[in-house]
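Residues 83 to 559 (this note's numbering) are what the sequence shown spells out, left to right.
For every residue, glycine included, the Cβ atom is placed at its ideal position computed from N, Cα and C.
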Amino acid sequence: MKITLPPFDQARVLVAGDLMLDRYWHGGTDRISPEAPVPVVHVRDIEQRPGGAGNVALNVAALGGQPELVGITGQDEAANELASLLENAGVACHFRRQPGAATITKLRVISRHQQLIRLDFEDGFPGVHARDLLPQYRPLLAGCGAVVLSDYAKGALRDPRPLIEAAREAGVPVLADPKGRDFSIYRGATLITPNLAEFEAVVGRCADEDTLVRRGAALARECGIEGLLVTRGEDGMSLVRPGEAPVHLAARAREVFDVTGAGDTVIATLATGLATGLPLPQAMALANLAAGIVVGKLGTATVSVAELRRALQEQEQSGRGVLTEPELLHAVADARAHGERIVMTNGCFDLLHAGHVAYLEQARSRGDRLIVAVNDDASVRRLKGEGRPINPVQQRMAVLAGLASVDWVVPFSEDTPARVIGAVLPDVLVKGGDYRPEAIAGHDAVVAHGGRVEILDFLDGCSTSAMIERMQSAPDT
Numbered sequence: 083m084k085i086t087l088p089p090f091d092q093a094r095v096l097v098a099g100d101l102m103l104d105r106y107w108h109g110g111t112d113r114i115s116p117e118a119p120v121p122v123v124h125v126r127d128i129e130q131r132p133g134g135a136g137n138v139a140l141n142v143a144a145l146g147g148q149p150e151l152v153g154i155t156g157q158d159e160a161a162n163e164l165a166s167l168l169e170n171a172g173v174a175c176h177f178r179r180q181p182g183a184a185t186i187t188k189l190r191v192i193s194r195h196q197q198l199i200r201l202d203f204e205d206g207f208p209g210v211h212a213r214d215l216l217p218q219y220r221p222l223l224a225g226c227g228a229v230v231l232s233d234y235a236k237g238a239l240r241d242p243r244p245l246i247e248a249a250r251e252a253g254v255p256v257l258a259d260p261k262g263r264d265f266s267i268y269r270g271a272t273l274i275t276p277n278l279a280e281f282e283a284v285v286g287r288c289a290d291e292d293t294l295v296r297r298g299a300a301l302a303r304e305c306g307i308e309g310l311l312v313t314r315g316e317d318g319m320s321l322v323r324p325g326e327a328p329v330h331l332a333a334r335a336r337e338v339f340d341v342t343g344a345g346d347t348v349i350a351t352l353a354t355g356l357a358t359g360l361p362l363p364q365a366m367a368l369a370n371l372a373a374g375i376v377v378g379k380l381g382t383a384t385v386s387v388a389e390l391r392r393a394l395q396e397q398e399q400s401g402r403g404v405l406t407e408p409e410l411l412h413a414v415a416d417a418r419a420h421g422e423r424i425v426m427t428n429g430c431f432d433l434l435h436a437g438h439v440a441y442l443e444q445a446r447s448r449g450d451r452l453i454v455a456v457n458d459d460a461s462v463r464r465l466k467g468e469g470r471p472i473n474p475v476q477q478r479m480a481v482l483a484g485l486a487s488v489d490w491v492v493p494f495s496e497d498t499p500a501r502v503i504g505a506v507l508p509d510v511l512v513k514g515g516d517y518r519p520e521a522i523a524g525h526d527a528v529v530a531h532g533g534r535v536e537i538l539d540f541l542d543g544c545s546t547s548a549m550i551e552r553m554q555s556a557p558d559t
């Protein structure tokens, strides 16, 4: 599966859930209060950010999507400030303003990059249930590509099933970021996205991926949920759907500064990708990439399309080149975890010519990743005779790795590549010439594993041996 950026600006995502305003007071401190043993902070900067479901909507907007936001606030200044921040960022707000209630607000006092205290202003919204959001929520489902339920256990999503049922009746997939230990309240959801701690709080500790998959599938069936995406921190994320093969993705973060809000980024990217029509595994891969970016930032943050594009380019470049066999097997496992189709070929490639280039481009078109296994110098001499190869193996591999069609190059020392092909087990094994497929080295192993072997045509008039003969017969000048 090659990861590409979809047209995010065509994605309309409906976000419903707990709304809150995050306030930050920043200032210096250099003395202790004479009134109590606490630091005195001289506040110099006040920052306000949308939190909870508002942060999910901001993440959708940062990707260029069209977020519609539904939730409950008070009828107060904090609600006005929250709406202003969101609307200025491109979020359409549809608040149910509750008279006599206060908008949930969290105030953090920060000095020298350290949080000294957090003050929470919240009474919840007693007597309010998710069904009370239906007048704002239901009309927005038309033309919507995905729904996100952002549950922070603040009361807006008490019994979210009316929202799930309305979305499914409209044919819209529902993604829920759950709280608490009762995942059955999300019955009917397309996907829920617990982190590992939340997941294990329900199913018990999972010592390995097999246990996680088995318990996740059982939980999904029991709760009537189509699937779970378990975010696992430095171990990446796992998609579990009953009756389907699991998908495990390695973490993409290079350096972790702050995981605050990473879950919001994951579910927002996932929903925005699905709303453009991406298949779930591809949307998951983009969400995994976005998570790797956002944890490298301080505080609650978002990810832009430009950042995703740069990360994709870096990932593509870092995943290419000359590899040892163990490095290749790790790269192949990672590619398969992303759903990518592996193509493999082999040869001496002593003097690279136009025929080789055309052949390798044909081979690459059969899948997502192309591996070229190259005979080492000793095996070339055994096959071609003394005087060959013209170029040593490291130079031959470096030239191949520079081709746009080639992802990975690996050497082998045997007369045939059967062993290394058997280790990789590509989805497609290709060879150029007039061979019979069953005579190709590695044929039996590939076919037994469910792959196929394909013979490709060489470009007429191109031959390494002919090039050598012409060079040898050319008159000295």
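### Message
List, from N- to C-terminal side, the alpha helix (DSSP H) runs of 4 residues or more that fit wholly inside the segment 134-170.
### Response
Runs found: 135-144, 159-170.
### Same chain only: Cβ atoms within 7 Å of proline 328, ignoring 5 sequence neighbours per side
Closer than 7 Å at the Cβ level, and outside the excluded window around proline 328, lie Val295, Ser320, Leu321, Val322.
### Sequence-distant residues of the same chain with beta carbon closer than 7 Å to aspartate 158, five excluded per side
Counting only Cβ-Cβ distances below 7 Å, and skipping sequence neighbours, we find Ala184, Thr185.
### Message
Is the beta carbon of proline 471 closer than 8 Å to that of cysteine 430?
### Response
Yes, they are a contact pair.
### Query
Thinking C-alpha only, which one of Gly146, Gly209, Gly514, Gln130 is nearest glutamine 92?
Proximity to glutamine 92 across Gly146, Gly209, Gly514, Gln130 peaks at Gly146, based on C-alpha coordinates.
### Task
Assuming alanine 372 contacts threonine 358 (C-beta within less than 8 Å), just tell me the rounded distance between them.
So it is not a contact: roughly 14 Å between Cβ atoms.
### Query
By the 10 Å Cβ neighbour count, where 16 or more other Cβ atoms means buried, how is phenylalanine 339 classified, buried or exposed?
With a pLDDT of only 48 at phenylalanine 339, under 50, the local geometry of the prediction cannot be trusted, and no value is derived from it.
#### Entry: CB contact flag (arginine 402, valine 425, <8 Å)
Contact flag unset, no.
### Message
Could you give the first and the last residue of the continuous beta strand (DSSP E) run that contains threonine 427?
### Response
Where threonine 427 is concerned, the enclosing beta strand (DSSP E) stretches over 424-429.
### Query
By Cβ distance, which residues of its chain are closer than 6 Å to glutamate 150, with the 5 residues on each side in sequence left out?
Answer for glutamate 150: Leu96, Ala174, Leu222, listed in chain order.
#### Entry: Counted within 10 angstroms of its Cβ, other Cβ atoms place glutamine 364 as buried (16 or more) or exposed
With 16 or more other Cβ atoms within 10 Å, it is buried.
#### Entry: Unbroken alpha helix (DSSP H) run spanning tyrosine 441, endpoints
Going by DSSP, tyrosine 441 is part of the alpha helix (DSSP H) stretching over 436-446.
### Message
Three or more C-beta pairs under 8 Å: does that hold for the segment 231-243 against the segment 251-266?
### Response
Contact between the segment 231-243 and the segment 251-266 is present: 3 or more CB-CB pairs across the two stretches fall below 8 Å.
### Straight-line gap, phenylalanine 90 to glycine 172 (C-alpha atoms, nearest Å)
Their Cα atoms are separated by approximately 14 Å.
### Task
Please determine, among Ser495, Ala252, Gly309, the residue with the shortest C-alpha to C-alpha distance to leucine 465.
If you compare the alpha carbons of Ser495, Ala252, Gly309 with that of leucine 465, the shortest gap goes to Ser495.
### Task
Reducing DSSP to helix, strand and coil, say where aspartate 202 ends up.
The answer is strand: DSSP assigns aspartate 202 an E or B state.
### Query
Helix, strand or coil for alanine 183 per DSSP?
The answer is coil: DSSP assigns alanine 183 none of H, G, I, E or B.
### Query
Is it right to say isoleucine 114 is buried, meaning 16 or more other beta carbons lie within 10 angstroms of its own, or is it exposed?
That one is exposed.
### Query
Three-state secondary structure (DSSP) at leucine 485?
If DSSP states are grouped into helix, strand and coil, leucine 485 belongs with coil.
### alanine 248 versus leucine 538 - alpha carbon distance
Answer to the nearest angstrom: the Cα atoms are 52 Å apart.
### Query
Roughly how many whole angstroms lie between the Cα atoms of aspartate 214 and alanine 161?
Approximately 18 Å, taken between the alpha carbons.
### Message
Could you give the first and the last residue of the continuous beta strand (DSSP E) run that contains arginine 534?
### Response
Per DSSP, the unbroken beta strand (DSSP E) holding arginine 534 starts and ends at 534-538.
#### Entry: Test item: CB-CB of valine 121 and leucine 198 under 8 Å
Residue 121 is actually proline in this sequence, not valine. Contact flag set, yes.
### Query
Cα separation between valine 123 and isoleucine 307?
Valine 123 and isoleucine 307: Cα-Cα distance of roughly 48 Å.
### Query
Can the beta-carbon of leucine 482 be found less than 8 Å from the beta-carbon of valine 506?
Taking 8 Å as the Cβ cut-off, leucine 482 and valine 506 do not qualify as a contacting pair.
### Query
Looking at C-alpha atoms only, which residue of Glu468, Gly99, Gln444 is the closest neighbour of tyrosine 234?
Comparing Cα-Cα distances from tyrosine 234 to each of Glu468, Gly99, Gln444, the minimum goes to Gly99.
### Task
Mind listing, in chain order, the continuous alpha helix (DSSP H) runs of no fewer than 4 residues lying wholly within the segment 275-315?
For the segment 275-315, the full-length alpha helix (DSSP H) segments reaching 4 residues or more read 278-285, 291-305 along the chain.
### Message
In the DSSP output, what is isoleucine 192 paired with across the bridge?
### Response
Answer by DSSP bridge pairing, in chain order: His108, Gln197.
### Message
To the nearest angstrom, how far is the alpha carbon of leucine 405 from that of threonine 498?
### Response
Taking the straight line joining both Cα atoms gives about 19 Å.
### Task
Could you spell out where the alpha helix (DSSP H) holding arginine 501 opens and where it closes?
Note, arginine 501: alpha helix (DSSP H), 500-506.
### Task
Using three-state DSSP, classify valine 491 as helix, strand or coil.
When DSSP states are grouped into helix, strand and coil, valine 491 belongs to the strand group.
### Task
Identify every residue that forms a DSSP beta bridge with valine 97.
DSSP output for valine 97 lists Leu151, Val230 as bridge partner(s).
### Task
Could you have a look at histidine 531 and say whether DSSP puts it in helix, strand or coil?
Coil.
### Reduced DSSP category for asparagine 370 - H, G, I as helix; E, B as strand; rest coil
Asparagine 370 falls in the helix class under three-state DSSP.
### Query
Under the three-state reduction of DSSP, which class applies to methionine 102: helix, strand or coil?
Methionine 102: strand per DSSP, three-state reduction.
### Query
Between Val454, Val312, Gly467, Leu168, which lies nearest to leucine 101 when the distance is taken from Cα to Cα?
Checked all of Val454, Val312, Gly467, Leu168; the closest Cα to leucine 101 is Leu168.
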